[in-house]
Structures are given as structure tokens and as C-alpha cells.
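Participant: In the working numbering, the protein residues as written are 50 to 574.
All C-beta atoms, glycine included, are put in the ideal place defined by N, C-alpha and C.
(1) I think residue 26 touches residue 436, with their Cβ atoms under 8 Å apart; what is that distance to the nearest whole Å?
(2) Buried or exposed for residue 494, please, with buried defined as at least 16 other CB atoms from any protein chain shown within 10 angstroms of its CB.
(3) Report the option in 341, 374 and 254 whose CA atom is closest to the CA atom of residue 587.
(4) Just list the residues that DSSP pairs residue 244 with in beta bridges.
(5) List the residues that DSSP assigns as beta-bridge partners of residue 334.
(6) When DSSP labels each residue in this structure, what does residue 367 get in the three-state scheme?
(7) When we look at the beta-carbon of residue 151 and count the other beta-carbons within 10 Å, is it buried (16 or more) or exposed?
(8) Taking the straight line between their C-alpha atoms, what separation do you get for residue 113 and residue 122?
(9) In whole angstroms, what is the alpha-carbon distance linking residue 491 and residue 482?
(10) Can you check whether the CB of residue 334 is closer than 7 Å to the CB of residue 111?
(11) In this structure, does DSSP put residue 389 in helix, strand or coil?
(12) Does the beta-carbon of residue 454 have 16 or more other beta-carbons within 10 angstroms, so that it is buried, or is it exposed?
(13) Under the assumption that residue 405 contacts residue 531 (Cβ atoms under 8 Å), give the Cβ distance between them as a whole number of angstroms.
(14) Is residue 113 near the ligand FMN, with its Cβ less than 6 Å from a heavy atom?
(15) Determine, using beta carbons only, whether residue 286 and residue 250 come nearer to each other than 7 Å.
(16) Using a threshold of 7 Å, state whether the C-beta atoms of residue 386 and residue 342 are closer than that.
(17) Mapping DSSP to helix, strand and coil, what is residue 455?
(18) With DSSP collapsed to three states, give me the class of residue 468.
(19) Would you tell me roughly how many angstroms separate the C-alpha atoms of residue 168 and residue 514, rounded to the nearest one?
(20) Given a cut-off of 7 Å on the beta-carbon distance, is the pair residue 442 and residue 355 in contact?
(21) Relative to the C-alpha of residue 331, which candidate in 350, 348, 347 and 307 has its C-alpha closest?
(22) Rounding to the nearest angstrom, what Cα-Cα distance links residue 440 and residue 284 in this structure?
(23) Please report the Cβ distance between residue 410 and residue 174, rounded to the nearest whole angstrom; I am assuming they are in contact, meaning their Cβ atoms lie under 8 Å.
(24) Count the other CB atoms within 10 Å of the CB of residue 141; is the residue buried (16 or more) or exposed (fewer)?
(25) Residue 154: buried (16+ other C-beta within 10 angstroms of its C-beta) or exposed?
(26) Residue ranges of each beta strand (DSSP E) run of no fewer than 3 residues wholly in the segment 377-449, ordered along the chain?
(27) Looking at C-alpha atoms only, which residue of 137, 241 and 397 is the closest neighbour of residue 178?
(28) Whose CA, out of 137, 346 and 126, lies closest to the CA of residue 485?
(29) Considering only C-alpha positions, which residue in the set 487, 403 and 412 is nearest to residue 240?
(30) Under DSSP, the alpha helix (DSSP H) around residue 230 begins and ends at which residues?
(31) On the criterion of 16 or more Cβ atoms from any shown chain inside 10 Å, does residue 298 qualify as buried, or is it exposed?
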């Protein structure tokens, strides 16, 4: 067989291949063994393009619920309105109108799954925490003719030809002197506190090797493993607050609210399915029994109440540089609004300011395969509450908000699976949104980082959604702080729970990531 050149692959075949990777189990003509053969051929550069499957449909599309109850979709009456309980995407004034519309509505509605934020938000918080630890590893020898979409999947697992540099000064230098992070009580006259960390000579602390005790001991000499680990966790949670907030918001829109390919409508005389695919709604977020009608990103300030807001500057004597990673006047968090007008706040990035509230995310991870289970994941930073309720420790002062769910420009930019975007037009839309949120142009490094987050996070979410895992979750437990690394009170059980070392957590690979791992020979089928 001839080796394919990238330029020889028609665009429609690329699209077909991506869709097959995503939904092979649900397609009547989808064969996991054939998928493995195709992917291995692409990886080795030995696949004849003519063997790739023909187009099976169109790109996925974003389908979001309506924002308000304005009129019946059948008779246009404006009173006694209610939503379709299943999909929250249709308004009726009576059972009669709903029955009249069912013939047309059922194809989009019948398989919709409701996801309650009250049990799902720990998984969202876990995404914030685990994605920031994704640092690409180098792959010494990529195949010469590797397909760019296969390469994008490898990048999602943190593997690439030339890894990006570490994104925090303390991760590339030894620690000479630092104050131990943790909550500090505010006083009537002072609710802020600033710390200076003195850095030493170059030392590449590889995130992928943590929690290696020897690495941590060399990074901050004279400190216990628990103390060094505690400071390391603080450093990681200082990084990429904007990027991870944007990425997680985009992930919820693209993975939860995208239409999927379902059964073909008919077959030909031979019984083979015709390439005419019926779109269906996928999932819907709700708060209690009220559908989420909008979500997005809030930008503003974090202000201390019971706790001081702490910021950190990293000082390197040679060459006399100072870097302050965070700005308490430039903070980001998420909001959700229901169709009833309820507003909910989810803040997963205030830990580095000394706000140590967290949620137990370990029950969410039982269904995840080992590749997605992060060490130390039991206590994940999160403040989740109605927007009119303020935490005792601090308050968030909103100055701007940016809708993600109802941003139609983003809908068009998120229709491509696996890789970050299909074409330059989609990439431009994403860069414009990032520019709008942060107020300055999106840099190439930011774009790359967000795409990495989206690729890895999309694979992770795929496992949860395919397995309908949230249906087994109960109301999560919340904690005022993470006790895993407290000096003199080291909780190894908290540290390893739900991690790769925990034998009780043996989630099987599902969805796209399972197919990919089998195809690349990293697991057996």
C-alpha cells in the first residue's frame, strides 16, 4: 500500500475519519477492529487512502436550550407556559400542544440526558485542577507521515515533538526561601498579604514525575516531602487561570451541547445503511429540576473577608527578575443561569489566593481510566453556590461577564472534533473570544495551551458522558481545606485515593479514548 501524503487526504475523508473515531460504537458500519487497523496504518504511514470509509454525515452542531419562556412553540400563546421536561428546548402551553408537536420534536428529544450540576460540579472542578498539570512530553521519533489528526490526539495526551516550556518560574528554579501557603485570617485593617519567594539555580521540576520524593527534596532543600508537595500544589494552581477557565467553558459547550450522529433513517435493498444520519440532542445541564439556559465566564476582583487575599512574587537574584503570576483585580470564574432566573457561581481558581475550600471529587473518578486519574485528586478547589450567597472567606466582585452557551460565534467555531479547529476561520473566532475576555490579543502560546486543555479534557468528558456516570453520583462532600499535605498530619489515604495507586478505582476505557488506546497498541482489547 502506498503511504499517504497529508495533501492527498480529501477534507471530507478527514471529517469522516474524525466522526468515526468519536462514534464508532454507535455506527452500524463501525467496526472497532477496522478502526484499529486504520489508525495503525495512519500511524505507520502504510494506509491506502482508498481504504478509509466514505463520508458518514456532517460535522457536529451546537444545540442549546432556549433562554426564556416567551411563547408556545405550537399556538404562540404567552401564558401557562412550560418546558419540555426531557430536552428543555421546546415551549408548550398545554399537553395538547406538546402532543401535536411530538412527531417532529421526538427525533431531537428522545435521547436527551439531564445532568444535575449539584452532583456534576465536582467533575468540572476536577477538570480545572487536572488540566493545568498537563505538560507535554517529547516523543523522540514521530512517524514521518503521521496524520495531523492522529498527532492532535497524541498532543491531547501531552506528547509532542517539541514540548512548550513550563509556565511558572518556580517550576524551573529551585526554591531558596518561601512562606508556606495556606489561609490567613484577615483583620479589620488589613485583608491582603503579599509574599516574596526567592528562587535559586535552574532545576526542571517535571510535573509528570511528581510526587517523586527525591525530585521534591532537590527542588526545595531542607523541607519535608509534605511541605514541598504543599508548595508545589500552590504553584500549579497559580498557573493558567484564564486559559483553563476558557477551555473548561468551551468543553462544556462543545461536549455537552453538541448534537451527535444517531441511527441512519433507512437501509438500501441489501440491508446496508444509507449515509443519511439523523442528528439527536445529547445532554442538558440543570440545577435541581431547572434547565441551565446560559453559562459563561465572569471577570472581576477577589476581595478578602474572613481570609486575607494573598499574592506571590517570585524573585530571582540572577538576573534580578521579579514575576507576580496572579492579580487579584483580574480574576475569572464561571456562572450558570437557569431558565427560572436562578444564578449559580462556580469558582475553582481562588485556592492560590489563600481560599482553600474544596470538594471531594473522588466519587466522580471511579469510571475514569487510569490515564485520566490524577494523583491527589480527592480534594479539588471549588466554591459552588447561588450567586446571591457569598462565602465567609472572600467575595467575588463581578465587573464583566461573557456568555459561552449563547455565543453563536462560538457555536460555529466548535463544530470540529478531536483537533482545536477545522480551519483558520474557526481559529479566528476562538482567538477573538479570548481577546474579548482578557482584554488583550490571544498569544500563540495561549491558543496552544487552550487547545491542549480542550483535547485532553474532551477525551476525559467523553468517558463520563458515554458511561452516564453522573447518574450514580450523590451530593458531594465539601471541606474548608485540603488536609492531604498538612505538616504533622499527612493523609496518605487522601493523597492516593482515586489516583493511579488506588486499586479500588479501575474505570475501563470508553468512547474515543478507548478506541485510540487500543488502536495505538497501548492497551489490549
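Facilitator: In terms of the structure at hand:
(1) Lying before the first or after the last residue shown, residue 26 is absent from the chain, which here runs from 50 to 574.
(2) If you draw a 10 Å sphere on the C-beta of residue 494, you find fewer than 16 other C-beta atoms in it, and that means exposed.
(3) Shown here, the chain extends from 50 to 574; a query on residue 587 therefore has no answer.
(4) Answer is 361.
(5) Answer is 164, bridged to residue 334.
(6) Three-state result, residue 367: coil.
(7) Counting of Cβ neighbours within 10 angstroms places residue 151 among the exposed residues, the total staying below 16.
(8) Each residue's alpha carbon lies about 16 Å from the other.
(9) Approximately 9 Å between the Cα atoms of the pair.
(10) Annotated as distal: residue 111 and residue 334, with beta-carbon spacing of 7 Å or more.
(11) In the structure shown, residue 389 adopts coil according to DSSP, grouped into three states.
(12) Flag for residue 454 reads buried.
(13) 6 Å between Cβ atoms; contact.
(14) This structure does not include the ligand FMN; it has no bound ligands of any sort.
(15) No. Outside cutoff.
(16) Yes. Within cutoff.
(17) Note: residue 455 maps to coil in three-state DSSP.
(18) Model confidence at residue 468 stands at a pLDDT of 43, short of 50, so the residue's coordinates are unreliable and nothing is read from them.
(19) The straight-line gap from Cα to Cα measures roughly 14 Å.
(20) Closer than 7 Å, so yes.
(21) Looking at the Cα atoms, 307 is the closest of the given residues.
(22) So the two alpha carbons sit approximately 23 Å from each other.
(23) With 8 Å as the limit, residue 410 and residue 174 qualify as a contact, their Cβ atoms being about 6 Å apart.
(24) Buried, because 16 or more other Cβ atoms sit within 10 Å of the Cβ of residue 141.
(25) Using a 10 angstroms sphere on the CB of residue 154, the tally of other CB atoms reaches 16 or more, which defines it as buried.
(26) Segments of the beta strand (DSSP E) lying fully in the segment 377-449: 380-387, 392-396, 407-409, 428-430 and 432-435.
(27) The candidate whose alpha carbon is nearest that of residue 178 is 397.
(28) The residue from 137, 346 and 126 with its alpha-carbon nearest to that of residue 485 is 346.
(29) It is 403 whose Cα lies nearest to the Cα of residue 240.
(30) Where residue 230 is concerned, there is no enclosing alpha helix (DSSP H), because DSSP gives it neither an H nor an E.
(31) The residue in question, residue 298, is buried, as its Cβ has 16 or more Cβ neighbours within 10 Å.
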